[in-house]
Amino acid sequence: MTTLTTRPGIGEQASLLAHYSDPDTCPTDALTPIPLVEEPAFISWQQDIPREYLELAPSVLERRIRSARAALGSRLVVLGHHYQRDEVIQYADFTGDSFKLCQHAAAQKEAEFVVFCGVHFMAESADILTPPGVRVMLPNMAAGCSMADMADPDDVYAAWDEITATLGDSARVVPITYMNSTASLKAFVGEHGGLVCTSSNAGKAFAYAFERGEKVLFFPDQHLGRNTGWQMGFGLDEMALWNWRRPGGGLTEAQVRDAKVILWQGHCRTHQRFSVEQIERARKEHPGVRVIVHPETRWEVMQAADDWGSTEKIVKAVSEAPEGSSWAVGTEINLVNRLAKANPGKTVFCLDPVVCPCSTMYRIHPAYIAWVLEGLLQGHVTNEIRVDADTRKWSLVALERMLALP
Ligand code: SF4
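Just so you know, the sequence shown maps onto residues 4 to 409 in our numbering.
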């Protein structure tokens, strides 16, 4: 078990953050459902969808999806992540964050098909957790995650070799990967004594790691790693940032040796947009507002908020709040809009005045769902996600360690 050192105050910590700033932009897309043909950029991501699906009106798609769903009955389970648009989430048998959906996937022993309305790494996890006979499909294969893409497995393996060579045999590093990563990286952490975590259980995953080692290598989201490390009592000066674009991660050997937590330099473009200025403006314009943010936001944003947590925690906090309360929420806009609709007696709004959906989640359009479901009726399994046996073996170990966390 590691010993935590006394950390400096928040003011001193803030100066350590200057080099973490990595302003990013996020294009804002219309949220109103329109035929896929009117979203040409979305078609270009998966060009083999048959032409007939492109021009179908939303009402026709809805009818065809409901009809296919009814015909498939209990053979089919549809999972929907909170960040999916309403036009997609309406078809989900189960909704949730990646942890909850992971549990639902693991519980699917009877269904033949799982259609995952989320992004690629989630469908991979569903394939790993379901029995081999269950066929998992992702309606649009281009629905990835830009954060997961920031941790290329070869870069992580190289970083691991460099870090462990620097430390020698004297220190034990436990790797933790956020759920938002490829199956190969989940297998890597499984094979090296580590585990997977989500934003719901990152603190418990850190506790697991520090019971078994002296340092954590956390990827791919630097913000979740830093926010979790902070909550565990580590100072910012005990957390080093590994810049995978630079030799040696841009760190000296002493920095690697001294760090308790080594953070991968990845981030979520959607959550990194939230700022302290937005929180200050929300407080000024809505006196008494409660600010709750997702832990993928920057450290200084989490410090300025009243509360933070996974999407499940955000949903619970807002849903259980008293009527008349006001909430400024720092997470993806589709979830915030849904929360606002479900809580008409409360003021619920997104911290970011420029709405920004997760552009990769948004690639799941109802036209792709209709295509995949009607394919099943004709005996075709479209866009199946299959994880090879070796990768599956170790990634299952890493996922099961997470699911067994207290
Ligand atoms: S919200 Fe961010 S982390 Fe989540 S899927 Fe989208 S890009 Fe990835």
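Every residue, glycine too, gets a C-beta built ideally from N, C-alpha and C.
Could you spell out the range, first to last residue, of the alpha helix (DSSP H) harbouring Met405?
-> 392-406
Backbone CA spacing between Glu90 and Val339 [nearest angstrom] | 15 Å
Minimum length 3: unbroken beta strand (DSSP E) runs contained in the stretch 82-141 = 97-99, 116-120, 138-140
Report whether the distance from the Cβ of Ser149 to the nearest heavy atom of ligand 3 is below 7 Å.
-> In the structure on display, ligand 3 does not appear, and the ligands it does have are ligand 1.
Could you pull out every residue in the same chain whose Cβ sits closer than 8 Å to the Cβ of Cys120, ignoring the five residues on either side in sequence?
-> Val81, Leu82, Gly83, His84, Gln87, Val91, Ile92, Tyr94, Ala95, Pro142, Ile367, Ile372
With a cut-off of 8 Å on the beta carbons, I'd call Val219 and Ala212 a contact; round off their distance for me.
-> 5 Å
Spatial neighbours of Arg404 in its chain, beta-carbon cut-off 6 Å, leaving aside the 5 residues before and after = If we look at Arg404 and ignore the five residues flanking it on each side, its Cβ neighbours are Leu198.
Which residue from Ala208, Ala146, Ala74 puts its Cα closest to that of Phe102?
-> Ala208
Cβ atoms of Ala285 and Leu354: under 8 Å apart, would you say?
-> yes
Count the other CB atoms within 10 Å of the CB of Ile13; is the residue buried (16 or more) or exposed (fewer)?
-> Residue placement at Ile13 is flagged as unreliable, the pLDDT there being 47, under the threshold of 50; a coordinate-derived value is accordingly withheld.
Hey, is Thr122 close to ligand 1, as in C-beta under 7 Å from one of its heavy atoms?
-> In the sequence on display, residue 122 carries Val and not Thr. Yes - ligand 1 has a heavy atom lying nearer than 7 Å to the Cβ of Val122.
Assign Arg248 to one of three DSSP states: helix, strand, or coil.
-> coil
Among Lys349, Glu115, Asp391, Met364, the one whose alpha carbon lies nearest that of Met144 | Among Lys349, Glu115, Asp391, Met364, the Cα nearest to that of Met144 belongs to Met364.
Looking at the unbroken alpha helix (DSSP H) that takes in Leu3, where does it start and where does it end?
-> Within the shown structure, residues of the chain are numbered from 4 to 409, placing residue 3 beyond reach of any answer.
Mind checking whether Lys287 and Val321 have CB atoms under 8 Å apart?
-> The criterion of a C-beta distance shorter than 8 Å is not satisfied by Lys287 and Val321.
What number of angstroms, rounded off, separates the C-alpha of Ile166 from the C-alpha of Gly99?
-> 36 Å
Within this structure, are the beta carbons of Ala190 and Ser398 separated by less than 8 Å?
-> yes
Can you say whether Tyr160 is buried or exposed, counting buried as having 16 or more other CB atoms within 10 angstroms of its CB?
-> exposed
Assigned secondary structure, Thr334 (DSSP; H/G/I helix, E/B strand, else coil) | Looking at Thr334 - three-state DSSP - the assignment turns out to be coil, as it is neither helix nor strand.
What are the partner residues of Lys218, as DSSP defines its beta bridges?
-> Answer by DSSP bridge pairing, in chain order: Val176.
Given Asp224, which residues of its chain have a CB within under 7 Å of its CB, disregarding the five upstream and five downstream residues?
-> Excluding sequence neighbours, Asp224 sits near Met150, Tyr181, Asn183, Gly269, His270, Cys271, Glu299.
DSSP bridge partner residues for Thr314 (one or two, in chain order) = According to DSSP, which records beta bridges pairwise, Thr314 is partnered with nothing at all.
For Ser329, three-class secondary structure by DSSP | strand
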